[in-house]
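Below is one structure, written out as structure tokens, with a few remarks after it.
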Amino acid sequence: MSLTLTPARRRTAAAVLTAALLVPLAACGNGDDTRKDAAGPSGSGSASAGGAPAANLTVLAAASLTDVFKTAGAAYEKSHPGTKLTFSFAGSQELVAQVSQGSPADVLVTADTKSMDKVKADTGTPAIIAKNRLVIATGEGNPFKVDDLQDLADTRLKVVLAAPEVPAGKYSKQILDARKVTVKPVSQEPNVRAVLSKVELGEADAGLVYKTDAASAADKVDAVEIPDEQNAIAKYPAATIKDSENAEAAAAFVAWLSSPEGQKILQDAGFQKP
């Protein structure tokens, strides 16, 4: 007799298997059971100093949040002792696929609302936590003197873009089409950080990335601003995942991202107010 697993059952099975694999590792620990006693067998339990239950949370986040979420995660853990955040960064389309396939996780943050909408049956109500915009990333010193979007049509330039299914790729297509600029990219990358990497390494002369991405590599790339009337605004929704075993702790982290402390960290990194 065959047995079909629903997404919820797939998540449960995956969580059980993970727990089984981690038991031998826990036995090899240093004997410090402080977190284990606080969190309990399921990874949640007593409240942290921040008022939310202590928990081990897995956060699926858009690649463009890599640097700022590492900073935010450290700040959150400091103010919420007993809570541990584990981030998984990728293109939003990859994260949505993981949620759809039942991968165990607690929070999802994408770089566009359309991606989040695809898994609305699997998530709580999303909240926009930040906005971003595109810039043209070039090699340090802008050796090819790229000044605007039209320059990207120059066939002598090696231009790299995010793939069309990636939010950054969708935004790039939107603004290029609006200006009737035809670009033949040398490659289309699975996430915006891969675009940035190509420019950083000199494998591309220019690429469209988020302003925050270019800022994170300011010593390796130059950022050419795109006027507001020619640009696109990226919105970042965050939501809990309904099958999370740490629902209260996950909701607390999502709420914290909109708090003054969370917003300061995001805005210090160059993200705009939601």
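With our numbering, letter number 56 in the sequence shown gets 65, and the count goes up by one each step, no holes.
Just so you know, even glycine gets a beta-carbon here, dropped at the ideal spot from N, CA and C.
Next item on the list: Run through the region 60–115 for me and flag every whole alpha helix (DSSP H) of 4 or more residues, listed as ranges in chain order.
Entry: 75–88 and 101–109
Check: Is the distance from the Cβ of residue 142 to the Cβ of residue 243 below 8 Å?
Finding: yes
Next item on the list: Tell me the start and end of each unbroken alpha helix (DSSP H) in the region 216–278 that is at least 4 residues and wholly inside, in chain order.
Entry: 220–225, 256–266 and 269–277
Notebook entry, point to check: What are the start and end residues of the alpha helix (DSSP H) that includes residue 165?
Noted result: Run containing residue 165: none; DSSP gives neither H nor E here.
Notebook entry, point to check: Looking only at C-alpha atoms, which of 237, 89 and 225 sits nearest to residue 187?
Noted result: 237
Next item on the list: If I'm right that residue 161 touches residue 168 with Cβ under 8 Å, what's the distance once you round it to whole angstroms?
Entry: 5 Å
Checklist line | DSSP beta-bridge partners of residue 191 | finding: Answer is none; residue 191 lacks a bridge partner.
Note to self: Quick check on DSSP: helix, strand or coil for residue 133?
What the structure shows: coil
Margin query: Less than 8 Å between the beta carbons of residue 206 and residue 76, yes or no?
Written below: no
Checklist line | Residues near residue 271 in its chain [Cβ-Cβ closer than 7 Å; skip 5 each side] | finding: 81 and 265
Check: Three or more C-beta pairs closer than 8 Å, one from the region 199–213 and one from the region 121–135: is that the case here?
Finding: no
Notebook entry, point to check: In the structure shown, what three-state DSSP assignment does residue 210 receive?
Noted result: coil
Note to self: Is the separation between the beta-carbon of residue 71 and that of residue 245 shorter than 8 Å?
What the structure shows: yes
Note to self: For residue 156 and residue 227, what's the separation of their Cα atoms in angstroms?
What the structure shows: 17 Å
Check: Which residue from 88, 107 and 145 puts its Cα closest to that of residue 241?
Finding: 145
Check: Where does the unbroken beta strand (DSSP E) through residue 198 begin, and where does it stop?
Finding: 196–198
Checklist line | Sub-8 Å separation of residue 209 and residue 229 beta-carbons | finding: yes
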